[in-house]
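For the sequence shown, position 132 matches number 132 in UniProt numbering, and the numbering has no gaps at all. Quick notes on the structure that follows.
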Amino acid sequence: MVGNGLTDDRTDMIGMFEYWWHHGLISDETLGSGLEVCLGTSLIHPSPECQKIWIKAAMEKGNIDVYSIYTPPCEEGTPYARGLKRSRRPLMLPPYDPCTAFYSTNYLNTPEVQRAMHANVSGIIEYPWVMCNNPIHDNWTTDTPIASMLPIYKELIGAGLKVWVYSGDIDTTVPLSSTRRSLAALGLPVKTSWYPWYMVPTEVGGWSMEYEGLTFVTVRGAGH
Numbered sequence: 001m002v003g004n005g006l007t008d009d010r011t012d013m014i015g016m017f018e019y020w021w022h023h024g025l026i027s028d029e030t031l032g033s034g035l036e037v038c039l040g041t042s043l044i045h046p047s048p049e050c051q052k053i054w055i056k057a058a059m060e061k062g063n064i065d066v067y068s069i070y071t072p073p074c075e076e077g078t079p080y081a082r083g084l085k086r087s088r089r090p091l092m093l094p095p096y097d098p099c100t101a102f103y104s105t106n107y108l109n110t111p112e113v114q115r116a117m118h119a120n121v122s123g124i125i126e127y128p129w130v131m132c133n134n135p136i137h138d139n140w141t142t143d144t145p146i147a148s149m150l151p152i153y154k155e156l157i158g159a160g161l162k163v164w165v166y167s168g169d170i171d172t173t174v175p176l177s178s179t180r181r182s183l184a185a186l187g188l189p190v191k192t193s194w195y196p197w198y199m200v201p202t203e204v205g206g207w208s209m210e211y212e213g214l215t216f217v218t219v220r221g222a223g224h
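The following block contains the structure:
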């Protein structure tokens, strides 16, 4: 099972720029230059020329929650953030909270929590826990300039394993258009073409299609 996962640098890159453009987040110029310059570069470590285009795209997108484009971004202390805390009720599913990462980071840096988890028990680690480790990300290298999980998927499917891939359809970081393009590049036979699935008899929960050995599902209104 893989959720909103990077799959193949080239096809993911195409799908990202297409998603941003189709949702009105970037300009025609940025779409064109992105597809022209960025397709031969890594998603993790894009070339300097591609990095400039990514920066421009980020400026055009503005202050949005890139993991859930229709949700206000997390801003601690705003009426929205306070309202989310007040809106929680027993036996009811709470609304999506864009500040979840902020809460979990604070929680996991609490000394009592770290002691309970037997984390940093020596106390010699001076830096705080973070959800994403930027030094590891920035210094990560690979033998190939373009990374791809497609050979791994083929190997797993060839061994008889069933693969289930899902995407939230309002995530811009690894959008469903990227995953659709990447999975199509596998060239697997299609068993069941695109169809809606339902949470209740009258409400569409998302869409799905089934390949030989792999099922792809989107979740309507879900982010990263």
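Glycine is no exception: its CB is placed at the ideal position from the N, C-alpha and C atoms. All values reported here derive from a predicted model rather than from experimental measurement.
Identity of the residue in the options nearest residue i by Cα
{"i": "Gly158", "options": "Glu126, Met149 and Gly213", "result": "Gly213"}
{"i": "Thr173", "options": "Met16, Glu36 and Glu75", "result": "Met16"}
{"i": "Val37", "options": "Ile14, Met199, Val190 and Leu25", "result": "Ile14"}
{"i": "Pro98", "options": "Thr71, Asn120, Val113 and Ile124", "result": "Thr71"}
{"i": "Thr11", "options": "Lys56, Gly34, Glu112 and Tyr67", "result": "Gly34"}
{"i": "Ile146", "options": "Ser27, Leu43 and Gly5", "result": "Leu43"}
{"i": "Asp138", "options": "His45, His22, His224 and Leu25", "result": "His45"}
Cβ neighbour criterion (16 or more within 10 Å) applied to residue i
{"i": "Thr41", "result": "buried"}
{"i": "Ala222", "result": "buried"}
{"i": "Tyr195", "result": "exposed"}
{"i": "Thr30", "result": "buried"}
{"i": "Gly168", "result": "buried"}
{"i": "Leu93", "result": "Any reading at Leu93 must be qualified, since the residue scores a pLDDT of 46, below 50, and its modelled position is unreliable; the value itself is stated next. Flag for Leu93 reads exposed."}
N-terminal and C-terminal residue of the beta strand (DSSP E) that residue i is part of
{"i": "Met199", "result": "Val190 to Val200"}
{"i": "Val217", "result": "Leu214 to Val219"}
{"i": "Val204", "result": "Glu203 to Tyr211"}
Helix, strand or coil at residue i according to DSSP, with G and I counted as helix
{"i": "Asp8", "result": "strand"}
{"i": "Val165", "result": "strand"}
{"i": "Trp54", "result": "helix"}
{"i": "Gly123", "result": "coil"}
{"i": "Val130", "result": "coil"}
{"i": "Val2", "result": "strand"}
{"i": "Ser68", "result": "coil"}
{"i": "Trp140", "result": "coil"}
{"i": "Met117", "result": "coil"}
{"i": "Pro43", "result": "Sequence inspection shows Leu at residue 43; the Pro mentioned does not correspond to that position. Looking at Leu43 - three-state DSSP - the assignment turns out to be coil, as it is neither helix nor strand."}
{"i": "Pro135", "result": "helix"}
{"i": "Leu91", "result": "With a pLDDT of 37 at Leu91, under the threshold of 50, the predicted position of this residue should be treated as unreliable, though the coordinate-derived value follows. Correct three-state label for Leu91: coil."}
{"i": "His22", "result": "helix"}
Limits of the unbroken alpha helix (DSSP H) element including residue i
{"i": "Ser104", "result": "Thr100 to Leu108"}
{"i": "Glu155", "result": "Leu150 to Gly158"}
{"i": "Asp28", "result": "Asp28 to Val37"}
{"i": "Ala184", "result": "Leu176 to Ala184"}
9 angstroms Cβ cutoff, residue i in contact with chain B
{"i": "Pro151", "result": "The displayed structure is made up of one protein chain only, and chain B is not part of it."}
*On the three-pair Cβ rule with 8 angstroms, is the stretch 45 to 61 touching the stretch 95 to 107?*
Counting C-beta pairs with one atom in each stretch, the stretch 45 to 61 and the stretch 95 to 107 have fewer than three that are closer than 8 angstroms, which means they do not touch.
*Three or more C-beta pairs closer than 8 angstroms, one from the stretch 201 to 210 and one from the stretch 48 to 58: is that the case here?*
Short answer: they don't touch.
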